Amino acid sequence: MEFGICNLSIVPVRREPSDTSEMVTQILFGDHFTILDKKEQWVNIHIVFDDYSGWVDEKQFTQVSKEEFDLLNGIQYITLNVNENVCFERKDYFQICVGSVLPDYNGSIGKIGDKSYQYDGHSIKIGELSIEDKLTKTCMNYLHAPYQWGGKTPFGIDCSGFTQMVYKQFGIFLKRDAWQQADQGNEIKSINASDCGDLAFFSKDGKITHVGILLNDEKIIHASGKVRIDKLTEDGIYNEELKKLTHQITSIKRLG
47 MEFGICNLSI VPVRREPSDT SEMVTQILFG DHFTILDKKE QWVNIHIVFD DYSGWVDEKQ
107 FTQVSKEEFD LLNGIQYITL NVNENVCFER KDYFQICVGS VLPDYNGSIG KIGDKSYQYD
167 GHSIKIGELS IEDKLTKTCM NYLHAPYQWG GKTPFGIDCS GFTQMVYKQF GIFLKRDAWQ
227 QADQGNEIKS INASDCGDLA FFSKDGKITH VGILLNDEKI IHASGKVRID KLTEDGIYNE
287 ELKKLTHQIT SIKRLG
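Take 47 as the starting number for the sequence shown in the numbering used here and just add one per residue.
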């Protein structure tokens, strides 16, 4: 088996091995994966973080050894700045986004393969951030981010990418799609019993199609057109601008 890691800022993962195929998700700097198959310049990968698969261009990642891959499964640092420079070999600079992983990192210097890099932005060991103190602030890093199918950054994100990336920063690993996330956590019986940080799921034609994060029992932050804050009722999300209910609530789940 072969292994890889994302050594660029944001890489599209596509449904089929083609530049014109649908982007189903993204890998960010530091995300690692196993390689399942190859077709010409395209590589089918299985992402460790969320158990998701798709096709990436072979020019947009670097391969690592089994030993390096196993080390990547240990405790890593995660970036908290919306965007910040990373520098390889003291000369190659580029920006990486919030929620990126810093492999083999000591707080200043890290290493991917045989190349060292420097990152001086704000980071923390995955799992050390306090949900009680920082969840709302973490959500606000994505406020007004435009909706993008398959996106996972403040520059374009979908509803389940938003919930996944917020919780990634707290060391809680959600699956990629809303219907998959709906199977995680413990069910809360009513909005009145909900807490800040609970996930609310919404359905259309009997299928889970949307998810958001409760800020309290009356407000929800979610990606719909953009990441926005709306009123939450027992029936679903009420959009004040449109003056109507836009999403029908199905369930509320609590993580951890």
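We treat Cβ as the ideally placed atom computed from N, Cα and C, and that holds for glycine.
As the structure is a prediction and not an experimental result, all values here were calculated from the model.
Distances from the CA of Phe201 to each of Lys183, Gly120, Lys84 and Ile56 were compared; the closest alpha carbon is that of Ile56.
Looking at Tyr188, Ile73, Trp101 and Arg300, the one whose alpha-carbon comes closest to that of Ile267 is Tyr188. Here Thr292 is not near Leu245, since their CB atoms are 8 Å or more apart. For Leu278, the uninterrupted beta strand (DSSP E) run begins and ends at Lys272 to Leu278, by DSSP.
Under a 10 Å Cβ-count criterion, His190 is classified as exposed, with fewer than 16 other Cβ atoms of the shown protein chains found around its own Cβ. Inclusion of Asn238 and Arg300 in the CB contact set at 8 Å is not warranted, their separation being larger than that value. In terms of Cβ geometry, Gly50 and Gln109 form a close pair [threshold 8 Å]. With a minimum length of 3 residues, the unbroken runs of beta strand (DSSP E) contained wholly in the region 54 to 118 fall at 56 to 60, 69 to 74, 78 to 85, 88 to 93, 98 to 103 and 108 to 110.
For Gly202, DSSP records a beta bridge to Thr199.
Secondary structure of Cys133 (DSSP, three-state): strand.
Separation of Lys137 and Lys161 (C-alpha to C-alpha, rounded to the nearest whole angstrom) is 12 Å. When C-beta atoms of the region 282 to 290 are compared with those of the region 211 to 227, fewer than three pairs fall below 8 Å, so the two segments do not count as touching. Two segments are said to touch when three or more pairs of C-beta atoms, one from each, lie closer than 8 Å; by this definition the region 247 to 257 does not touch the region 119 to 129. Below 8 Å, enough C-beta pairs join the region 164 to 176 and the region 110 to 125 to call them touching: three or more. For Ala224, the enclosing alpha helix (DSSP H) starts and ends at Ala224 to Gln227.
Excluding its 5 nearest sequence neighbours in each direction, Ser146 has C-beta neighbours in its own chain below 6 Å: Leu74, Phe75, Gly76 and Thr125, listed in chain order. By DSSP's assignment, Val257 forms a beta bridge with Phe247. When rounded, the separation of the alpha-carbon atoms in Asp116 and Glu264 is 43 Å.
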